[in-house]
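There are 4 protein chains.
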Amino acid sequence: MRKKDDEKKQNIKEAVIKLILEQGFHGASISKIAREAGVSPATVYIYYENKEDMLRDIYQEYGEQVYSYILNEIDREMSGRQLIETLIRSYYKFIKEHEEIFSFVEQYSSCPALVNNCQDIEGCSQIFNLLDDLKEHQVIKDVDNVIMFSLLFYPVKCITVKYFNQPDEAEAVLTELIGLIQETLLDSDQQGID
Amino acid sequence: MRKKDDEKKQNIKEAVIKLILEQGFHGASISKIAREAGVSPATVYIYYENKEDMLRDIYQEYGEQVYSYILNEIDREMSGRQLIETLIRSYYKFIKEHEEIFSFVEQYSSCPALVNNCQDIEGCSQIFNLLDDLKEHQVIKDVDNVIMFSLLFYPVKCITVKYFNQPDEAEAVLTELIGLIQETLLDSDQQGID
Amino acid sequence: MRKKDDEKKQNIKEAVIKLILEQGFHGASISKIAREAGVSPATVYIYYENKEDMLRDIYQEYGEQVYSYILNEIDREMSGRQLIETLIRSYYKFIKEHEEIFSFVEQYSSCPALVNNCQDIEGCSQIFNLLDDLKEHQVIKDVDNVIMFSLLFYPVKCITVKYFNQPDEAEAVLTELIGLIQETLLDSDQQGID
Amino acid sequence: MRKKDDEKKQNIKEAVIKLILEQGFHGASISKIAREAGVSPATVYIYYENKEDMLRDIYQEYGEQVYSYILNEIDREMSGRQLIETLIRSYYKFIKEHEEIFSFVEQYSSCPALVNNCQDIEGCSQIFNLLDDLKEHQVIKDVDNVIMFSLLFYPVKCITVKYFNQPDEAEAVLTELIGLIQETLLDSDQQGID
DNA sequence: CATGAATGAGCGTTCATTCAT
DNA sequence: TATGAATGAACGCTCATTCAT
Numbered sequence: 014m015r016k017k018d019d020e021k022k023q024n025i026k027e028a029v030i031k032l033i034l035e036q037g038f039h040g041a042s043i044s045k046i047a048r049e050a051g052v053s054p055a056t057v058y059i060y061y062e063n064k065e066d067m068l069r070d071i072y073q074e075y076g077e078q079v080y081s082y083i084l085n086e087i088d089r090e091m092s093g094r095q096l097i098e099t100l101i102r103s104y105y106k107f108i109k110e111h112e113e114i115f116s117f118v119e120q121y122s123s124c125p126a127l128v129n130n131c132q133d134i135e136g137c138s139q140i141f142n143l144l145d146d147l148k149e150h151q152v153i154k155d156v157d158n159v160i161m162f163s164l165l166f167y168p169v170k171c172i173t174v175k176y177f178n179q180p181d182e183a184e185a186v187l188t189e190l191i192g193l194i195q196e197t198l199l200d201s202d203q204q205g206i207d
Numbered sequence: 014m015r016k017k018d019d020e021k022k023q024n025i026k027e028a029v030i031k032l033i034l035e036q037g038f039h040g041a042s043i044s045k046i047a048r049e050a051g052v053s054p055a056t057v058y059i060y061y062e063n064k065e066d067m068l069r070d071i072y073q074e075y076g077e078q079v080y081s082y083i084l085n086e087i088d089r090e091m092s093g094r095q096l097i098e099t100l101i102r103s104y105y106k107f108i109k110e111h112e113e114i115f116s117f118v119e120q121y122s123s124c125p126a127l128v129n130n131c132q133d134i135e136g137c138s139q140i141f142n143l144l145d146d147l148k149e150h151q152v153i154k155d156v157d158n159v160i161m162f163s164l165l166f167y168p169v170k171c172i173t174v175k176y177f178n179q180p181d182e183a184e185a186v187l188t189e190l191i192g193l194i195q196e197t198l199l200d201s202d203q204q205g206i207d
Numbered sequence: 014m015r016k017k018d019d020e021k022k023q024n025i026k027e028a029v030i031k032l033i034l035e036q037g038f039h040g041a042s043i044s045k046i047a048r049e050a051g052v053s054p055a056t057v058y059i060y061y062e063n064k065e066d067m068l069r070d071i072y073q074e075y076g077e078q079v080y081s082y083i084l085n086e087i088d089r090e091m092s093g094r095q096l097i098e099t100l101i102r103s104y105y106k107f108i109k110e111h112e113e114i115f116s117f118v119e120q121y122s123s124c125p126a127l128v129n130n131c132q133d134i135e136g137c138s139q140i141f142n143l144l145d146d147l148k149e150h151q152v153i154k155d156v157d158n159v160i161m162f163s164l165l166f167y168p169v170k171c172i173t174v175k176y177f178n179q180p181d182e183a184e185a186v187l188t189e190l191i192g193l194i195q196e197t198l199l200d201s202d203q204q205g206i207d
Numbered sequence: 014m015r016k017k018d019d020e021k022k023q024n025i026k027e028a029v030i031k032l033i034l035e036q037g038f039h040g041a042s043i044s045k046i047a048r049e050a051g052v053s054p055a056t057v058y059i060y061y062e063n064k065e066d067m068l069r070d071i072y073q074e075y076g077e078q079v080y081s082y083i084l085n086e087i088d089r090e091m092s093g094r095q096l097i098e099t100l101i102r103s104y105y106k107f108i109k110e111h112e113e114i115f116s117f118v119e120q121y122s123s124c125p126a127l128v129n130n131c132q133d134i135e136g137c138s139q140i141f142n143l144l145d146d147l148k149e150h151q152v153i154k155d156v157d158n159v160i161m162f163s164l165l166f167y168p169v170k171c172i173t174v175k176y177f178n179q180p181d182e183a184e185a186v187l188t189e190l191i192g193l194i195q196e197t198l199l200d201s202d203q204q205g206i207d
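Chains as they are written, first to last, in this note's numbering: chain B, 14 to 207; chain P, 14 to 207; chain C, 14 to 207; chain V, 14 to 207.
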């Protein structure tokens, strides 16, 4: 059960990501956030030291959430082929289901002045560990993790944005993408499997 | 009367992207921009209608610059293999040489509230035309342009960021990336050529 | 939380009319008003939506005050002759006692761009009702209210301004005015009474 | 023939009174005035030392214009009765024909901070001289000039404003006013004449 | 004479934050 | 804990005025 206090904090978080999706950082002043969250501006400072801290905290939390969502969808018994498909599809699903979170994380992380003051996202290294594991078991090719990561996830963003209002086409292109990435990343031994 | 001083406008633009790299949008107030550019705040309004217009104008200009830089590096006599390499390497080069421009464009374009008020970047469709051309001549596979685009360029960003302080490793990974993308995108007929 | 401080609002109002008397609308900027009222500029916006609203509110309030002052001085048992004298003298008294209020109301109401956005002053129609009453009871002549109103009050302004530094002469002229207006407005039946 | 220079100055004057009618002093900035007049802001400073001077000059000129218009309508052969009618009607006519001038003069003269820096309006004392003359010849009663002046002119303003959109009623009330003022001001010897 | 560029100062307003309850 | 009042600093922008041509 969520306590009353936590509900206020949750309202604040949701107000932040909603406003930043709709208006950008420029539109997310403390007073607007407070109004949107249904609390007093002073209340924000009960839960967060200051605005900078607040944004960082929310970023860290929601940044993790993306990856925990994805990692939750996979299990270790999947084939490499399935894994790639699941990683891509679950990332796509997350973005569609949590547009505001996605947009907030994107905006925050594209600002060096902000992101340089943050710890690395933990979930990201878990993905890296997973990739290492797959490489060790010769499921996927021995390619640099950064490349692998970007091939798996970046195109999904691109597709989501460019086909924002055409979900059917987005799905088709996503399927095409999955095939291509499987071909590219799966170790040659695995190509026929599954 | 005095002539409009193009140098002043240029100073303003450079002040904007410098400040936004260093401090984010939050740190790019008109008065800071004016101070950085060596002009009066009022002068900014001789060159731009208002702040929103100013940022949009600068975004449109520098957004194009990325692609004109890249398109300038390629020529139509290159093989598909060379083309892919050149596209990737020139994008990487641009980012390294124009960090502030890259960061400004990234931050601006990751904010839906801003980018939704802009026209599409012209250079982007030129890249798409190039890709269509290559597909027509069976140089590259018949893959959706959005996928192709994101495979070519997004991993570069990722590499640049993650290997920011390790240029040698960045170069190595970039080379690995190029090989992989060539394999992935080149039509099977072309795989051996070059 | 703190209670809203009515004294602060009162200080703001007084600062406004003081500054506008001394320097005109031009001299009544929010920061000067705030300084004069002993509050922060931001505090003004706790009590008023914006500057336009503030001026309108103050105008409406003080505009009423003039008439409630005057109406307070008369009672229904006065003869027509007494009524006319009292209306004129109390208007004169108000102006002398509340120079800043008078000047503020005058300046505000002489600006069509401002006064056209205001409701009519309630006290003004009460005066009109009084005049209607007096006409009905054949105390005063059946003359258009606008004429009556202007004969009663406008000359007082004129006298106050022109004899600003000669209060004794002002009083004498005022007495002369009263006699003349009584002659002019009282119904012939009433001329000898009182 | 008006020289080219004077045309520019005239444009500026007209821009000032137009803007001040429509928007009040607040809306009459030098750059708006210049735009409205079709000249450069700098040009304004060729014709006037500064903004304060400009407004004062224009006030003095147009302030006189009201009275020269009125004085032009009367001649010394008129009866007292005719004179009063003509003074009132010509003032009314002027206001209707020159709304912007009237409004500018009203706004300017209702601001002590402005009008205290101006010389008296010359035409005003000419009216006073006329009144003295009429009193000397026992055409009108021996009443203080300020009273006389205010009875003649102030009600006209009031009528014009209150019956702004009902010209027919305004005319009727004006006629009523004239009768009343004639009764009030004409010497008893003159009441039957004309 | 006339201009549009240029400016420092100031505008009305909102900001992130703190205070008093 | 939670609040709305309160604030100095800063915001984006416009002002009256001057400069260079």
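Note that beta-carbon positions come from the ideal geometry of N, C-alpha and C, so glycine has one too.
Sub-8 Å separation of residue i and residue j beta-carbons
i, j, result
"P/G34", "P/S122", "Per the sequence shown, the amino acid found at residue 34 of chain P is Leu instead of Gly. Contact: no."
"V/I108", "V/T173", "yes"
"B/I71", "B/L165", "no"
"P/L193", "B/T197", "yes"
"B/C124", "P/G37", "yes"
"C/Y167", "V/Y80", "no"
"C/L144", "C/N158", "yes"
"P/I25", "P/I46", "yes"
"V/D200", "V/V152", "yes"
"P/Q132", "P/Q195", "no"
"B/I43", "B/K64", "yes"
"V/A50", "V/A28", "yes"
"P/I134", "P/E77", "yes"
Residue i (DSSP reduced to helix, strand or coil)
i, result
"V/I153", "strand"
"P/S201", "helix"
"P/D18", "coil"
"P/S123", "coil"
"P/Q23", "helix"
"B/Y58", "helix"
"V/E35", "helix"
"C/K116", "The residue you asked about is not Lys; residue 116 of chain C is Ser in the sequence shown. Helix, per DSSP."
"V/E49", "helix"
"C/I30", "helix"
Limits of the unbroken alpha helix (DSSP H) element including residue i
i, result
"V/S42", "From DSSP, V/S42 is part of no alpha helix (DSSP H); its letter is neither H nor E."
"B/D66", "64 to 86"
"V/F107", "93 to 110"
Cβ-heavy atom distance, residue i to the ligand ADP, below 7 Å
i, result
"P/P168", "Questions concerning the ligand ADP fall outside what the structure shown contains, since it holds no ligand whatsoever."
So if I threshold CB-CB distances at 7 Å, which residues from the region 103 to 137 of chain V count as touching chain C? S116, E119, Q120, S123, C124, P125, A126, L127
Residues, ordered as in the chain, of the region 164 to 179 of chain P that lie near chain B by beta-carbon distance below 8 Å: L164, Y167, P168, K170, C171, I172, K175, Y176
Enumerated in chain order, which unbroken segments of the alpha helix (DSSP H) with a length of 4 residues or greater are wholly contained in the region 135 to 196 of chain P? 135 to 149, 158 to 175
Residues, ordered as in the chain, of the region 28 to 45 of chain V that lie near chain C by beta-carbon distance below 9 Å: I33, L34, E35, Q36, G37, F38, H39, G40
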